[in-house]
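Student: Got a structure for you, questions after.
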Amino acid sequence: MSSKPSAIIFGGLNTCSRALAALLVPPEGERLVSHLRIVDRFSVNPPTTYLGAEFPKVLAQPDVEYRQANLTIPSVVASAFDPPPGKAPYSYVFDLTGEINHDRSEVIAIKLTFNVARIIGLEAARRKVNAYVRLQQPVYETSDKGPHDEKEDVKPVRPLDVWWHETLRMLASIDDLPLVVLRIGFVYGPYVEFGLYPLVITVASIYGYMNKPMKTPWGPGKDGVNTVHIDDVSGGLWACAKWIASLGRQQANLTAGEKIYFHNDRTKVKDTEGTCIPDAQPVAPVFNLVDDSEMTMAKGGSMITEFFGTTFEFYSFFENAMAKLKLDDVVEEINEHHVGTWTEMLQTSNPPIVQTPLDAYMDHWALSRRKLSYNNSKIKKVIGYKLVRPQFTHDALREVVDKWKAEGSWPALEGR
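For what it's worth, numbering that gives the first Met the number 0 labels the leading residue of the sequence shown as 0, then goes sequentially.
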């Protein structure tokens, strides 16, 4: 029997699971785990979500298994925990589940975020796993005074976000679950097509193509929109798993436990099975993970637009006031330019791009104000994690775009 742990990843095929799998079982290089199973609702053959060029190579290896499954069914989750014949039980669980489409209803958020994590968490506790790492997407808003450490009571923003937060309270209340929570910033990196930064990168390229400045109404742009590279998301998840496996939940709580406060509607919580009572303050180890860039809207916008040969600007006070009064009209007008030009870029590419996971459409959510500023010192001090990609750079952007170009997802335009 291998001395290396076996691992199971639930969810996240459309977010961070592919990169985590590549870290755990790289096609070239030493493996960190003896066996890996990935379980999610999507099909990989044929793919029903974007996979990127390199993930199929990860799946093609021995002792790596992908299982398409409905994680809302407890018996299906229970069977996913059963190891293959002759293999050790899964000891490390990575929970990357949760609905990320912000236009989904609250009912869907409860079903696909809260309920799914509860089913997995309860089964993991029953199986007495050594580590259960929950990845928490950037669903919070921080105040202007930052950066904020893990003790501060950051607020979830939308109804979808509230249920991501409620999920943490529920998992933290499972006493014998070896839980660690990893709260991340806005993710970027090769083959990352979801969330804020891939959209901003795509739209900035359009303004570069048009030779026009990219503008936002949210001046002066000092709000934090902290970044984290996908390699550090993967590295942080692995570091958290090793850390709690060596300590156990009780000691981990003493070392790094934080209270997780209530931010929901009392009536909705009462009607949802498995929630904590509102007055409860469950404790779990929580770590922030962002890079050292201290990224703000102004800094990030300027860096990305500069990369594409244009500038990042703010609307004047008058333009800003008018835009807010006519937000629906502004959204549609902006997108006429974005979508039409992006289509033109794809068609004039050599060769033409016929299919891409990248979208130029910016809805109300994409155009809304962001405030996320985390202090990352705790994970460095307590776990000893060292950032692989500490800075957001033009070289990192170049790597992202070049890999999209190589797989045929990004337009190859003459002179660009």
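Don't be surprised by glycine CBs; every beta carbon is placed ideally from N, CA and C.
(1) Nearest-angstrom Cα distance between residue 399 and residue 341?
(2) Quick one, are the C-beta atoms of residue 14 and residue 135 less than 9 Å apart?
(3) Buried or exposed, going by whether 16 or more other CB atoms sit within 10 Å of the CB of residue 375?
(4) Hey, residue 81 and residue 10: beta-carbon distance below 9 Å or not?
(5) Can you tell which of 143, 159, 60, 142 has the C-alpha that lies nearest to the C-alpha of residue 106?
(6) Can you tell me the Cβ-Cβ gap for residue 184 and residue 297, rounded? I've got them flagged as a contact below 8 Å.
(7) Excluding sequence positions up to five away, which residues of its chain have a Cβ less than 6 Å from the Cβ of residue 300?
(8) Measuring only the C-alpha atoms, how far is residue 317 from residue 216?
(9) Among the residues of its own chain, which have a CB less than 7 Å from the CB of residue 98, if the five just before and after it don't count?
(10) When the Cα of residue 412 is compared with those of 247, 246, 208, 60, which residue comes out closest?
(11) Can you tell me whether residue 174 is buried or exposed, with buried defined as 16 or more other CB within 10 angstroms of its CB?
(12) What is the rounded straight-line gap between the Cα of residue 408 and the Cα of residue 49?
(13) With burial defined as no fewer than 16 other Cβ atoms inside 10 Å of the residue's Cβ, what is the status of residue 165: buried or exposed?
(14) May I ask you to list the residues that DSSP assigns as paired with residue 244?
(15) For residue 380, write down the residues that DSSP places opposite it in a beta bridge.
(16) With DSSP as the reference, label residue 311 as helix, strand or coil.
(17) So what does DSSP say about residue 39, is it helix, strand or coil?
(18) Check whether the segment 145-154 and the segment 117-136 are in contact - that is, three or more C-beta pairs closer than 8 Å.
(19) Looking only at C-alpha atoms, which of 353, 359, 234, 305 sits nearest to residue 383?
(20) On the DSSP bridge list, what partners appear for residue 181?
(21) On the three-state DSSP scale, how would you describe residue 317?
(22) Going residue by residue through the segment 207-276, where are the continuous beta strand (DSSP E) segments of at least 3 residues, counting only ones entirely within it?
(23) Among 283, 161, 349, 176, which residue has its Cα nearest to the Cα of residue 450?
(24) Under the assumption that residue 187 contacts residue 17 (Cβ atoms under 8 Å), give the Cβ distance between them as a whole number of angstroms.
(25) Whole angstroms are fine: how far does the CA of residue 266 sit from the CA of residue 60?
(26) Can you grab the Cα-Cα spacing for the pair residue 250 / residue 338, in whole Å?
(27) Would the beta-carbon of residue 303 fall within 9 Å of that of residue 203?
(28) Since residue 352 is in the alpha helix (DSSP H), which residue starts that stretch and which ends it?
(29) Excluding the 5 residues preceding and the 5 following residue 348 in the sequence, name in chain order all residues of the same chain whose CB lies nearer than 7 Å to its CB.
Tutor: Looking at the coordinates:
(1) Cα to Cα, the separation comes out at about 18 Å.
(2) no
(3) buried
(4) no
(5) 159
(6) The beta-carbon distance between residue 184 and residue 297, rounded to whole angstroms, is 16 Å. This is too long to meet the 8 Å contact definition.
(7) The answer, listed in chain order, is 311.
(8) Bear in mind that the predicted position of residue 317 carries a pLDDT of just 49, short of 50, making it too unreliable to give a figure here.
(9) 107, 108, 111, 112, 159
(10) 208
(11) exposed
(12) 11 Å
(13) buried
(14) For residue 244, which the question treats as bridged, DSSP gives no partner whatsoever.
(15) Bridge partners of residue 380: none, in fact.
(16) strand
(17) The answer is strand: DSSP assigns residue 39 an E or B state.
(18) no
(19) 234
(20) Residue 181 is bridged to 134, 286.
(21) Unreliable placement is indicated for residue 317, whose pLDDT of 49 sits below 50; the coordinate value is still reported in the next sentence. Here residue 317 sits in helix by DSSP.
(22) Runs found: 213-215, 226-228, 256-258.
(23) Nothing can be reported for residue 450, as the shown portion of the chain is limited to 0 through 415.
(24) Not quite, the Cβ-Cβ distance comes to about 14 Å (not below 8 Å), so this is no contact.
(25) 48 Å
(26) Spanning the two alpha carbons is a distance of roughly 52 Å.
(27) Yes, these two residues count as a Cβ contact at 9 Å.
(28) From DSSP, residue 352 is part of no alpha helix (DSSP H); its letter is neither H nor E.
(29) 410, 411, 412
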